[in-house]
Amino acid sequence: MLNTIAYQFVKSVNNSLRLQQQVRTKYILKRKYEPPLHKINQKPRLMRGRHHIYELVEDTCVKKPKNIDVILKTFVEGVGDKGDVLSLKPTFAYNKLLLPGLAAYKTEENIAKYAKKIEEKVEAKHSSPYAQRTVNMLERLVLAVVMNKDHPWVIKPWHVKASLRKAGYICKEECITLPKDSIEGPDLTKENKEFYCTITINNVETARLKCRIHHWSTDPSERLPYVTEHWKMPAEPLFVSAGATENAKT
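Each residue of the sequence shown is one higher than the one before, counting from 1 in the UniProt record's numbering.
Spelled out as structure tokens, the structure:
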């Protein structure tokens with residue numbers, strides 16, 4: 001008898017000390033068959049089995065959560081600049097912005113604290129949230145500039161523009177700055193040699209684009225052998241002085 005009482009006491013203590021994990025689940029149900037009403041001051045009628053059949057109205061576990069409003073503390077590539085108020089999905093906002101300390105919840109105090117000052121707006125380092133991402137993509141690209149093997153040519157900005165369009169990038173000619181030295185051809189000694197040009201984005205950011213010259217002929221018998229994944233192959237600089245400078249920088 002005493003052992004049973006002691007066991008029940010220990011079990012109740014363990015249950016009281018056990019941490020209960022909160023489960024945020026809610027199901028909204030409705031009866032499929034309404035139970036019968038009873039008269040006033042009368043004994044309620046007994047419900048049958050069909051009165052305990054329920055239909056699901058809403059399951060909050062699968063309901064799309066609402067976006068949360070945050071304010072950025074600093075520039076975040078692909079998201080926004082300091083002081084921007086954004087409405088984002090909870091998972092992205094928590095994991096990518098709030099936990100790393102890149103953003104805070106939208107409150108009047110945080111808006112006043114992290115709002116950009118006039119001096120910071122004048123000295124903007126980024127023209128848009130996606131400008132730096134575009135710069136990174138262009139600087140990782142090895143652009144193939146395909147030129148005619150049979151007719152004379154001089155590389156102009158529109159050649160680079162057409163090559164960028166083939167690679168999936170839209171760029172204006174006035175945003176392309178070529179090297180000071182003229183690049184003329186056809187010249188097979190310049191085949192697969194690379195040079196750098198500058199791409200200006202929104203008149204603020206600049207990207208250094210690596211280009212390689214490839215000769216092409218409309219006559220199949222005069223074409224050069226096709227090289228697969230040429231961007232993985234080592235290449236010599238077109239301008240020796242510029243190449244030495246690039247190697248020194250890298």
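Built from N, CA and C at the ideal position, the CB exists for glycine as well. No experiment lies behind these values; they were computed from the predicted model shown.
Answer yes or no: do residue i and residue j have a C-beta to C-beta separation smaller than 8 Å?
i, j, result
"N192", "A162", "no"
"K82", "F75", "yes"
"S127", "I201", "yes"
"T91", "C61", "no"
What residues in its chain sit with their C-beta under 7 Å from that of residue i, if we drop five residues either side in the sequence?
i, result
"D59", "Y27"
"G78", "P129, Y130, R133"
"N247", "For N247, the predicted structure reports a pLDDT of 44, less than 50, and the residue's modelled location is therefore unreliable. The matter cannot be settled from this model."
"M47", "P35"
"L29", "Y54, E55, L56, V57"
"K190", "I213, L238"
"H51", "R31, Y33, P35"
"K106", "D69, V70, I71, V85"
My guess is that residue i and residue j are in contact by the Cβ rule of under 8 Å, so how many angstroms apart are they, rounded?
i, j, result
"F239", "P179", "7 Å"
"P157", "I170", "Their Cβ separation, rounded to whole angstroms, is 14 Å, which puts P157 and I170 out of contact at 8 Å."
"E184", "C211", "Wrong, their Cβ atoms sit about 15 Å apart, outside the cutoff."
"V135", "A207", "4 Å"
"L138", "L188", "Wrong, their Cβ atoms sit about 28 Å apart, outside the cutoff."
For residue i and residue j, I'd like the C-alpha separation in whole angstroms.
i, j, result
"P44", "L37", "8 Å"
"K63", "Y54", "20 Å"
"L102", "H159", "41 Å"
"A244", "Y196", "Note that A244 scores 44 on pLDDT, short of 50, meaning its location in the model is unreliable; the coordinates nonetheless yield the value given after this. The alpha-carbon atoms of A244 and Y196 are separated by roughly 13 Å."
"Y226", "G80", "43 Å"
"Y94", "S182", "52 Å"
"N148", "K125", "40 Å"
"A167", "D150", "24 Å"
"R165", "E174", "15 Å"
"S221", "P152", "19 Å"
"Q40", "E108", "Per the sequence shown, the amino acid found at residue 40 is Ile instead of Gln. About 55 Å."
"P100", "G49", "54 Å"
"A112", "K172", "39 Å"
Ignore the nearest five residues each way along the sequence and tell me which others in residue i's own chain have a CB closer than 6 Å to its CB.
i, result
"V146", "H214, W216"
"R223", "S217"
"V204", "S127"
"residue 322", "For residue 322 there is no data in the structure shown, the boundaries of the chain being 1 and 250."
"K96", "none"
Short of 8 Å in beta carbon distance, which residues of its chain neighbour residue i, apart from the five on each side in sequence? Order them along the chain.
i, result
"Y114", "I71, L72, K73, K82, G83, A104"
"L98", "V70, A104, Y105"
"L17", "Reliability of the predicted coordinates at L17 is poor, the pLDDT of 47 falling under 50, and no value is obtained from them."
"D219", "D150"
"R42", "For the sequence presented, residue 42 should be read as Gln rather than Arg. So the list is empty, once near-sequence residues are dropped."
Confirm the yes/no value for this check: CB of residue i, any heavy atom of the ligand HEM, distance under 7 Å.
i, result
"Q132", "Absence of the ligand HEM from the depicted structure is noted, as is the absence of any ligand whatsoever, leaving it without description."
Using a C-beta cutoff of 8 Å, does residue i count as contacting chain D?
i, result
"T25", "Although the question refers to chain D, the structure presented lacks it and comprises just one protein chain."
- [ ] Would you check if there are 3 or more beta carbon pairs closer than 8 Å linking the stretch 142–162 to the stretch 222–233?
- [x] In this structure the stretch 142–162 touches the stretch 222–233; the number of beta carbon pairs closer than 8 Å is three or more.
Open item on the list: Within 8 Å, do at least three Cβ pairs link the stretch 79–97 to the stretch 56–70?
Closed with: Yes, the stretch 56–70 is in contact with the stretch 79–97.
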